[in-house]
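Q: Residue numbers (this note's numbering), protein chains in the order written: chain A, 207 to 544; chain B, 207 to 544. Where a beta carbon is used, it is the ideal one built from N, C-alpha and C, also for glycine. If you're wondering where the values come from, they're calculated on a predicted model, not measured in any experiment. For reference, the structure I am asking about is given below.
2 protein chains.
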Amino acid sequence: MSADVISLRTRGPQPSLAPMLALTASGMNSVNSVILDRMQSEIPLIPALAGHLIAGGGKRMRPMLTVAGAELCGYQGTRHHKLAAAVEFIHTATLLHDDVVDGSEMRRGKAAANIVFGNPATVLVGDFLFTRSFELMVEDGSLKVLKILSRASSVIAQGEVDQLTAQRKIETSEDHYLEIIGSKTAALFAAATRISAVIAEKSEAEELALDAYGRNLGIAFQLVDDAIDYDSEAAESGKDKGDDFREGKMTLPVILAYARGNAEERKFWEDAIAGFRTEDEDLAHAVELINRHACVEATRERARLYAQRAIDAISIFPAGAARDAMCEAVEFAVARRY
Amino acid sequence: MSADVISLRTRGPQPSLAPMLALTASGMNSVNSVILDRMQSEIPLIPALAGHLIAGGGKRMRPMLTVAGAELCGYQGTRHHKLAAAVEFIHTATLLHDDVVDGSEMRRGKAAANIVFGNPATVLVGDFLFTRSFELMVEDGSLKVLKILSRASSVIAQGEVDQLTAQRKIETSEDHYLEIIGSKTAALFAAATRISAVIAEKSEAEELALDAYGRNLGIAFQLVDDAIDYDSEAAESGKDKGDDFREGKMTLPVILAYARGNAEERKFWEDAIAGFRTEDEDLAHAVELINRHACVEATRERARLYAQRAIDAISIFPAGAARDAMCEAVEFAVARRY
């Protein structure tokens, strides 16, 4: 038996999301139908507000992971369409509440829902999408899936509160940061992929492998997201650049720059994270300090570690187009600059 | 076979909640243990904020209905303890989000959570309690119960958005108002009582009877709540008196006063609901107009109609202490002045 090691690409052609998109195209069509159908309500404000965010695009990464996982498992049914939509509704609900919590102004390249519709409607429509996601899961009828997704939802909520607690706290450690992103981001990635193995009635080992794939990809994804917010070479993302900085979020680039900085630099970070340095020139100085200590690159390096773990996790599945696409999607996620 | 009509008491001794409290005392002890146990989290802000509201009292009416329903059905197990706690968590989550949405300052006689802990934490801990309620239901493991409570949650969320849409709209009709309170309040009352019949494996007819009891009691309860906000004879409630007026909420006393008013009075209501009359003297004038047209009494009269329906609904259950207590609790709910 020969070892089946798949290594993370560090040079050569840029990884592409195209194989992943091709793998999931048909499934995602069905998922998108469920999403559009089930965000409806007799209360017109609900589809208006939900549609502002949902029709506004987004990569639909989490439901795509459910669909890809189903392909990897050779699943032939249609249950994953509803469940993937449920996953996306959980994600959408947290985005809406995040934007209220952060007072965000931009999301997915346009005005955030809270700016257009106000905080009250945004909170309540988030609640609606969350309840609708549970209705979809209950319709599916698997208690095992319900357990995985209700647990993930609870972990996400706790991660969000934990992040809020750590905000403006310069003493936040890398370990604490990893715990936060493990909860607020990676838990849903893990659940999204894991449930595919459940509906395909795969073994416990395969279930855990898909869980590990999603979890590690989720951590890598969030690390890169947090690096991009300080990456002077990155393109504009859908949200305002420097949001993390102005909100005093303790993301890894800041944690590393603070750890690696001299006394004067540390003083700057203490003031900035406490909220006393919010001008454009302060953000520019922050980016300069982060560059000086190569913290974007260090954050991306950590992301590559988790990416490799994600890829290794699914090596127990048979080689083929599905596994290749899922591996390249991981490479794509950590290489992206937007 | 003799007819078994139970009539709503309109005179005689004041109805008491004591029989209901006695009926549910032992069960509620267990429910309260589950509530305290399951609002815990490793993130200290979560029990701190949740405890501020939960330990702050509240009547625990909804879980009490689940426990009472279980007694009425002769249920001998313990499943209703977790499920009643899940019901209370759903309710608590909506209270936290309501207070953010309304910018409330008082709740249950003390500063509202959003005032003490801020809107961001209040939104996120509300989300946590909501996810925790689903975890409790999933642990119970009945798909039928999950369906009832996830549907109720979705209806509540839609009712909350509907109420927001109707806010500051003087043209809101009594029918629309009844739809709103049917969703935002009565749906959870109905689900709370209905699930008792499910776990007790009662007939469909008994399930629907308990659903109707809860739904009609919920409507009656909300009508009385809305009447009290303008009742010059009512004692201080836990929330600020006149909140509904200042928030431009179209509750039944206002709908009736507007319908019954002359041109000058209607002009006042239009200005007030639009938000141009928020002084203490405006509230006093509103109370005077509502008294002039006997709108508190008319609202209470509607409440008594729904109360009678609630009582009639459970007449199919055998007479006894449980049914008596549940009937008297309805009478208590509509007679209360606080």
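1. Quick one: does A:Lys473 have its CB under 9 Å from some CB of chain B?
2. Would you mind telling me which residues of chain A sit closer than 8 Å to B:His303, beta carbon to beta carbon, in chain order?
3. Could you tell me whether any Cβ in chain A is nearer than 9 Å to the Cβ of B:Ile401?
4. Do B:Cys279 and B:Lys408 have their C-beta atoms closer together than 9 Å?
5. Taking 9 Å as the threshold (beta carbon to beta carbon), is A:Phe340 in contact with chain B?
6. Starting from the Cα of B:Gln514, find the closest Cα among B:Gln373, B:Ala426 and B:Thr399 and give me that residue.
7. Show which residues of chain B have a CB atom less than 8 Å away from the CB atom of A:Gly555.
8. Could you check how far apart the C-beta atoms of A:Ile405 and A:Tyr281 are, in whole angstroms? I think they sit under 8 Å.
9. Please report whether the beta-carbon of B:Phe336 lies at a distance below 9 Å from any beta-carbon of chain A.
10. Which ranges does the beta strand (DSSP E) cover as unbroken runs of at least 3 residues, wholly within the segment 337 to 362 of chain A, from first to last along the chain?
11. If we call anything under 9 Å between Cβ atoms a contact, is B:Val361 one with B:Ser389?
12. Once DSSP output is grouped into helix, strand and coil, what is the label at B:Ser208?
13. So with CB distances below 7 Å, who are the chain B contacts of A:Ala363?
14. If contacts are defined as beta-carbon pairs under 8 Å, then A:Arg619 and A:Phe295 qualify, I think. What distance do you get, rounded to the angstrom?
15. Can you grab the Cα-Cα spacing for the pair B:Leu355 / B:Phe395, in whole Å?
16. Are any of the Cβ atoms in chain A nearer than 9 Å to that of B:Glu537?
17. Assign A:Thr484 to buried or exposed, taking buried as 16 or more other Cβ atoms, counted over all protein chains shown, within 10 Å of its Cβ.
18. Take A:Ser236 as the anchor and find which of A:Ala256, A:Pro250, A:Thr272 and A:Leu259 has the nearest alpha-carbon.
19. Along the alpha helix (DSSP H) that carries B:Glu485, what are the first and last residues, could you check?
20. Could you tell me the distance, in whole angstroms, from the CA atom of A:Leu370 to the CA atom of A:Arg508?
21. In the DSSP output, what is B:Met168 paired with across the bridge?
22. Which whole-angstrom value describes the C-beta separation of A:Ala363 and A:Ile386, a residue pair presumed to lie in contact below a C-beta threshold of 8 Å?
23. What does B:Pro253 reach in chain A if we use C-beta pairs closer than 8 Å?
24. Determine the extent of the alpha helix (DSSP H) in which B:Cys501 is found, giving its start and end residues.
25. Given B:Ala440, which residues of its chain have a CB within under 7 Å of its CB, disregarding the five upstream and five downstream residues?
26. Under the assumption that A:Asp368 contacts A:Leu289 (Cβ atoms under 8 Å), give the Cβ distance between them as a whole number of angstroms.
27. Can you find the residues in the same chain that come closer than 7 Å, C-beta to C-beta, to B:Leu229, ignoring five residues on each side of it along the sequence?
28. What's the C-alpha gap between B:Ile260 and B:Thr298?
29. With H, G and I counted as helix, E and B as strand and the rest as coil, what does DSSP make of A:Lys408?
30. Go ahead and label B:Asn422 buried or exposed: buried means 16 or more other beta carbons lie within 10 angstroms of its beta carbon, across all protein chains shown.
31. For B:Phe323, does the count of other Cβ atoms within 10 angstroms reach 16, so buried, or fall short, so exposed?
32. Please confirm if B:Thr300 has its CB atom under 9 Å from at least one CB of chain A.
33. Which term fits B:Ala209, buried or exposed, when burial requires 16 or more other beta carbons within 10 angstroms of its beta carbon?
34. Of all the residues that make up the segment 388 to 399 of chain A, which are near chain B by a beta-carbon distance shorter than 8 Å?
35. Answer yes or no: does any C-beta atom of chain A fall closer than 9 Å to that of B:Pro250?
A: Well, looking at it:
1. By 1-based counting over the first sequence, the position of residue 473 of chain A is 267. Output row for A:Lys473: interface = no.
2. In the second sequence, counting from the first residue as 1, residue 303 of chain B sits at position 97. Val329, Leu330 and Asp333, listed in chain order.
3. Along the second sequence, read from residue 1 onward, the residue named residue 401 of chain B stands at position 195. By this cut-off, B:Ile401 is not an interface position.
4. As a working note, residue 279 of chain B is residue 73 in the second sequence. As a working note, residue 408 of chain B is residue 202 in the second sequence. Yes, they are a contact pair.
5. Position 134 of the first sequence holds residue 340 of chain A. Chain B contact via Cβ: present.
6. Counted from its first residue, the second sequence places residue 514 of chain B at position 308. It is B:Ala426 whose Cα lies nearest to the Cα of B:Gln514.
7. The structure shown does not extend to residue 555 of chain A, since chain A spans only 207 to 544, so no value can be given for it.
8. The count along the first sequence starts at 1 and reaches residue 405 of chain A at position 199. The count along the first sequence starts at 1 and reaches residue 281 of chain A at position 75. Confirmed, Cβ separation roughly 6 Å.
9. Stepping through the second sequence from its first residue, residue 336 of chain B is reached at position 130. Yes, B:Phe336 lies at the interface with chain A (some Cβ there is under 9 Å from its Cβ).
10. none
11. In the second sequence, the residue the question calls residue 361 of chain B occupies position 155. In the second sequence, the residue the question calls residue 389 of chain B occupies position 183. For B:Val361 and B:Ser389, yes; Cβs fall inside 9 Å.
12. Stepping through the second sequence from its first residue, residue 208 of chain B is reached at position 2. Residue confidence for B:Ser208 is low, a pLDDT of 45 falling below 50, so the modelled location carries little weight and cannot support an answer.
13. Residue 363 of chain A sits at position 157 when you count from the first residue of the first sequence. The answer, in chain order, is Leu330, Asp333, Phe334 and Thr337.
14. For residue 619 of chain A there is no data in the structure shown, the boundaries of chain A being 207 and 544.
15. Against the second sequence, residue 355 of chain B aligns to sequence position 149. Against the second sequence, residue 395 of chain B aligns to sequence position 189. Answer to the nearest angstrom: the Cα atoms are 11 Å apart.
16. As a position in the second sequence, residue 537 of chain B is number 331, starting the count at 1. Cβ-Cβ to chain A under 9 Å: no for B:Glu537.
17. Taking the first sequence and counting its residues from 1, the one referred to as residue 484 of chain A is at position 278. By the 10 Å Cβ count, A:Thr484 comes out exposed.
18. Position 30 of the first sequence, counting from 1, holds the residue named residue 236 of chain A. Of the candidates A:Ala256, A:Pro250, A:Thr272 and A:Leu259, the one whose C-alpha sits nearest the C-alpha of A:Ser236 is A:Thr272.
19. Working through the second sequence from its first residue, we reach residue 485 of chain B at position 279. Per DSSP, B:Glu485 belongs to no alpha helix (DSSP H) and is neither H nor E.
20. Locating residue 370 of chain A in the first sequence gives position 164, counting from the first residue. Locating residue 508 of chain A in the first sequence gives position 302, counting from the first residue. About 23 Å.
21. Nothing about residue 168 of chain B can be read from this structure; chain B reaches only from 207 to 544.
22. Start at 1 with the first residue of the first sequence, and residue 363 of chain A comes out as number 157. Start at 1 with the first residue of the first sequence, and residue 386 of chain A comes out as number 180. The pair is not a contact, with the Cβ atoms about 12 Å apart (cut-off 8 Å).
23. What you label residue 253 of chain B is simply residue 47 of the second sequence in a count that begins at 1. Neighbours of B:Pro253 on chain A: none; closest Cβ ~11 Å, over 8 Å.
24. Counted from its first residue, the second sequence places residue 501 of chain B at position 295. Taken as a continuous stretch (DSSP letters only), the alpha helix (DSSP H) holding B:Cys501 covers Cys501 to Ala519.
25. By one-based count along the second sequence, residue 440 of chain B stands at place 234. The residues are Ile434, Arg543 and Tyr544.
26. Residue mapping note: residue 368 of chain A aligns to position 162 of the first sequence, counting from 1. Residue mapping note: residue 289 of chain A aligns to position 83 of the first sequence, counting from 1. Incorrect: roughly 27 Å between the Cβ atoms, too far for contact.
27. Taking the first residue of the second sequence as position 1, residue 229 of chain B is located at position 23. Correct list, in chain order: Ala274, Glu277, Ala527, Ala528 and Ala531.
28. Counted from its first residue, the second sequence places residue 260 of chain B at position 54. Counted from its first residue, the second sequence places residue 298 of chain B at position 92. Each residue's Cα considered, the two are about 8 Å apart.
29. Counting from one through the first sequence, the residue named residue 408 of chain A turns up at place 202. Coil at A:Lys408, not helix or strand.
30. By 1-based counting over the second sequence, the position of residue 422 of chain B is 216. So B:Asn422 ends up on the buried side.
31. Here residue 323 of chain B refers to the residue found at position 117 of the second sequence. Classification for B:Phe323: buried.
32. On the second sequence, position 94 is the one that residue 300 of chain B refers to. Yes, B:Thr300 counts as interfacial toward chain A.
33. If you number the second sequence from 1, residue 209 of chain B lands on position 3. Any answer about B:Ala209 is weak, because its pLDDT of 48 lies below 50 and its placement is not dependable; what the coordinates show is given next. With fewer than 16 other Cβ atoms within 10 Å, it is exposed.
34. none
35. Here the question's residue 250 of chain B lines up with position 44 in the second sequence. Taking Cβ atoms only, chain A reaches closer than 9 Å to B:Pro250, which makes this a yes.
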